[in-house]
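*Asks:* So the number in the numbering used here is just where the residue sits in the sequence shown, counting from 1, plus 203.
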Amino acid sequence: MNRAKLMCALALLALLGAGARGAHAAEHFCGHPMAHPIDKALADSAARSGGVTADLRDAQSAAYAAWDKELNRVYAQALKAAGPTRRDALRAAQRAWLAFDTAQGQWDAMLHADQGTSAALNIAGAALERRRARVCDLSMDLQSLKDSE
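#1: Would you check if the distance between the CB atom of D344 and the CB atom of L293 is smaller than 9 Å?
#2: Using a Cβ-Cβ cut-off of 7 Å (strictly less than) and excluding sequence neighbours within five positions of Y278, which residues of its own chain qualify?
#3: May I ask which residues mark the beginning and end of the alpha helix (DSSP H) holding M343?
#4: Straight-line CA distance for A327 to Y267?
#5: Just the Cα atoms here: how many angstroms apart are R260 and E352?
#6: Looking only at its own chain, which residues have a Cβ that is under 7 Å from the Cβ of A312, when we skip the five neighbours before and after it?
#7: Given this structure, state the Cα-to-Cα distance separating A265 from L245, to the nearest angstrom.
#8: Give the DSSP-derived three-state secondary structure of G253 in the structure shown.
#9: Can you tell me which of the three DSSP states M313 falls into?
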């Protein structure tokens with residue numbers, strides 16, 4: 204494996220193992236006893252990539268799209284469960300999170316700009332992790348709303 208492929212493979216492994224929530228493919232998701240299917244699919248795709256940057260990016264893109272879809276699904280459920288008295292507060296929180304996500308993405312792009320071919324992997328991995336973490340947060344909020352019914 205050449206140096207660039209090795210660096211990309213190491214970057215993806217770091218991404219899979221980084222973050223406050225631990226190694227995604229190996230551990231549970233958000234308090235659940237198993238890894239999330241999106242994390243499993245990402246790990247499988249990354250393993251099949253052979254460290255090829257374009258394939259790793261494709262794997263990240265697919266995982267990002269899946270987490271974004273999951274985020275929208277869980278957010279819609281949380282809005283419904285929040286009821287009319289809390290709905291506006293949840294919308295405001297989600298809009299603030301989206302603004303944060305955009306600003307953080309811009310910062311990540313600047314932070315990793317000088318990292319060559321691994322920059323795209325690091326930037327995308329950070330964006331993917333933010334989506335994943337937000338799904339977890341909203342899932343916990345949704346469960347709390349359901350528990351209080």
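For each residue, glycine too, the CB sits at the ideal point set by N, CA and C.
*Replies:* This is what the structure gives:
#1: Taking 9 Å as the cut-off, the Cβ atoms of D344 and L293 count as close.
#2: Q297 and L341.
#3: Under the DSSP assignment, M343 falls in the alpha helix (DSSP H) whose first and last residues are S321 to D350.
#4: For A327 and Y267, the distance between alpha carbons rounds to 8 Å.
#5: Taking the straight line from one Cα to the other gives about 42 Å.
#6: Taken in chain order, the residues that qualify are I326.
#7: Just so you know, the alpha carbons of A265 and L245 end up roughly 8 Å apart.
#8: Coil, per DSSP.
#9: Note: M313 maps to helix in three-state DSSP.
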